[in-house]
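Residue numbers (the numbering used here): 10 to 255.
Here you go:
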């Protein structure tokens with residue numbers, strides 16, 4: 010489904026990003042594994058991709074850094090010759106009620122989650138135009154769709170990703186470049202496993218399907234949007250959330 014394609018996945022060392030990187034490789038893509046701090050985990054993802062018979066490169070870079078993001082992309086374009094799929098998955102949380110939230114914590118989340126998405130798209134823009142083809146898949150969140158108490162910074166960043174996705178879809182459609190977003194709900198990851206049982210139960214009670222999602226649920230949607238099967242889909246925000254955003 011993705012043979013001959015090269016994908017750049019940001020924040021690919023763990024969680025949803027890891028699953029996306031491996032799933033794209035399973036479907037035939039070579040994968041650039043971006044990470045910020047988890048070098049050992051990124052190396053494990055790289056090794057697993059290579060076991061699948063695909064090429065993989067690790068690149069350390071904070072997507073919040075505009076210049077570093079540009080260097081990562083120019084370096085990888087030089088190595089692979091092209092990048093066909095950009096998955097903006099890198100993200101952080103610094104949750105707190107607004108009254109307790111520091112300016113630094115607000116800025117850090119916006120800089121990584123929203124500005125980081127801008128940074129990678131900006132630096133890939135000319136290459137995609139030249140290729141007259143490309144797939145951009147951004148990771149939003151149910152929090153960006155519904156809002157969430159204690160997550161003003163995170164919800165704002167992910168709502169911003171939705172606006173950015175729709176705007177880029179309109180800009181790039183004439184060049185055969187699609188831009189979509191996936192909005193995960195409550196997904197079973199290391200971060201959510203650390204929550205108390207009571208907190209987990211409260212969230213699951215809000216989900217019509219009454220269960221947490223799996224990282225594979227998100228990865229399969231990303232792979233679909235990256236494929237030719239989704240060639241007539243652009244500017245969409247697809248919720249993979251068990252019905253939370255109904």
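Built from N, CA and C at the ideal position, the CB exists for glycine as well.
>> Measuring only the C-alpha atoms, how far is residue 166 from residue 255?
In response: When the Cα atoms are used, residue 166 and residue 255 turn out to be separated by approximately 21 Å.
> When you compare only the Cα positions, how much space is there between residue 124 and residue 213?
Replying inline: Taking the straight line joining both Cα atoms gives about 31 Å.
> In whole angstroms, what separates the C-alpha of residue 44 from that of residue 67?
Replying inline: Take the alpha-carbon of residue 44 and the one of residue 67: they are about 8 Å apart.
> Straight-line CA distance for residue 232 to residue 223?
Replying inline: Take the alpha-carbon of residue 232 and the one of residue 223: they are about 15 Å apart.
>> Excluding the 5 residues flanking residue 248 on each side, which residues of the same chain have their C-beta closer than 6 Å to its C-beta?
In response: Closer than 6 Å at Cβ, skipping near neighbours: 192, 254.
> Do the CB positions of residue 83 and residue 48 come within less than 9 Å of each other?
Replying inline: No, the pair does not count as a contact, with Cβ atoms beyond the cut-off.
>> For the structure I just gave you, are there three or more beta carbon pairs, one from the region 137–149 and one from the region 87–104, closer than 8 Å?
In response: Inter-segment contact for the region 137–149 and the region 87–104 is present: three or more beta-carbon pairs are separated by less than 8 Å.
> Does DSSP put residue 204 in a helix, a strand or coil?
Replying inline: Residue state for residue 204 is assigned as coil, using DSSP reduced to three classes.
> Does the distance from the CB of residue 186 to the CB of residue 138 come in under 9 Å?
Replying inline: Yes. Within cutoff.
>> Measuring alpha carbon to alpha carbon, tell me which residue in 221, 128, 178 is nearest residue 245.
In response: When only C-alpha atoms are compared, the closest one is 178.
> For residue 67, which three-state DSSP category applies?
Replying inline: Correct three-state label for residue 67: strand.
> If we count Cβ pairs, one from each stretch, closer than 8 Å, do we get three or more for the region 29–37 versus the region 105–117?
Replying inline: Flag = no, the region 29–37 and the region 105–117 do not touch.
> Can you name, in chain order, every residue of its own chain whose Cβ lies under 6 Å from the Cβ of residue 132, other than the five neighbours on each side?
Replying inline: Cβ neighbours of residue 132 beyond the five flanking positions: 78, 79, 82.
> Between which two residues does the beta strand (DSSP E) carrying residue 191 extend?
Replying inline: Taken as a continuous stretch (DSSP letters only), the beta strand (DSSP E) holding residue 191 covers 186–193.
> Closest by CA to residue 171, which one among 182, 181, 188?
Replying inline: Of the listed residues, the one whose Cα sits closest to residue 171 is 188.
>> Would residue 38 and residue 235 be called neighbours here (beta carbons separated by less than 9 Å)?
In response: Residue 235 is positioned such that its CB atom lies closer than 9 Å to that of residue 38.
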